[in-house]
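Residue numbers (our numbering): 10 to 351. Please read the structure below before turning to the comments.
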């Protein structure tokens, strides 16, 4: 078994993932139904994550969730493919691939894919902190014992039927609904009511190598949810590091790379997820032409970014965005030379 195979989620227990991380994929996760929506579990308490849950929601045209809210948790919904609508600021708002809708605690929200749309509306959800109650109906949380049923979760991994997300990147910059965009709101307003973000717009960070944007982070209004994106050109590297208190799920959205995990370099492909619980060394992408094994062709650039919770204060300190335990509010700056990366 080679290094990549050994680190795949399907071959690692939750204890091994907690200690040394794993490689997951947005197409591969246990399937359950949440709020009437087919949902894949990518990073969650059943496979070693403790500070966030990452799910993939797939809404066929005509599918809609009921209105719901989480009293103690935030939710961020990143549109990865297609387009659809979210209920935000007491109205239905259309979002497209690359947009992120952010909902603070106790904010009613919902999602739907209008029947007139032709394609699935695919969302990657980050819920922070995780809510074990979401897994009870599917048999993965035992309320009487107050514990995750890890045996049930392991058995369910063997029944996973992979999804069919396109490997073509659809994410792009979008500034529709300007009154709802976080860069046009005060951070305090975002924290109170939620907002729309976009993966290509955020505070600059260059201290770790390849250029990055802090998109969803406390400086722009989020409290627990975090999302950062980096562009890695050929030969670039985002330096290996750890996060003392943050679990992180980093996704290759486009291109190919070698990811660094638990002191190993591992070949990664579109939709692969580097699962790095707090304290696990990780980094990359080292953007080099790698063996595609028939999955895709290597690209000139790599889009690499993901969710972490709680916010990665270690990076914000390096960026000099924290002073006297208070966050700066630097301008959100657009990545202007990386679209489209297919």
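Think of the CB as a built atom: it goes at the ideal place given N, C-alpha and C, for glycine as much as any other residue.
The shortest C-alpha to C-alpha distance from residue 207 to any of 120, 104 and 28 is the one to 104.
For residue 107, the closest C-alpha among the options 38, 255 and 313 is that of 313. Here residue 10 is exposed. Its C-beta has fewer than 16 other C-beta atoms within 10 Å. Residues of the same chain with a CB within less than 6 Å of the CB of residue 193, apart from the 5 flanking positions on each side, are 187 in chain order.
Secondary structure of residue 253 (DSSP, three-state): coil. The C-alpha of residue 125 is placed about 45 Å away from the C-alpha of residue 290. Between residue 122 and the set 267, 310 and 47, the nearest pair of CA atoms involves 47. In this model, residue 213 and residue 148 are separated by some 43 Å (Cα to Cα).
In the pairwise beta carbon analysis, the stretch 281-288 is classified as touching the stretch 52-70: at least three pairs are separated by under 8 Å. Residue pairing by DSSP places residue 92 opposite 105 in a beta bridge. Measuring C-alpha to C-alpha distances from residue 158 to each of 23, 27, 224 and 81 identifies 23 as the nearest. Boundaries of the beta strand (DSSP E) around residue 51: 46-52.
Using a Cβ distance threshold of 8 Å, residue 164 and residue 56 do not count as a contacting pair.
In chain order, 36 place their CB closer than 6 Å to the CB of residue 172, counting only its own chain and leaving out the 5 sequence neighbours on each side.
Assigned with DSSP and collapsed to three states, residue 236 falls in strand. Around the Cβ of residue 226, a 10 Å sphere holds 16 or more other Cβ atoms; the residue is buried. Residue 144 and residue 118 do not touch by the CB rule: their CB atoms are close to 20 Å apart, not below 8 Å. When DSSP states are grouped into helix, strand and coil, residue 29 belongs to the helix group. Taking a cut-off of 8 Å for Cβ pairs, the stretch 271-281 and the stretch 323-330 do not touch, as fewer than three such pairs fall below it. Excluding sequence positions up to five before and after residue 233, its CB lies within less than 6 Å of the CB of 83, 137, 318 and 319, all in the same chain and listed in chain order.
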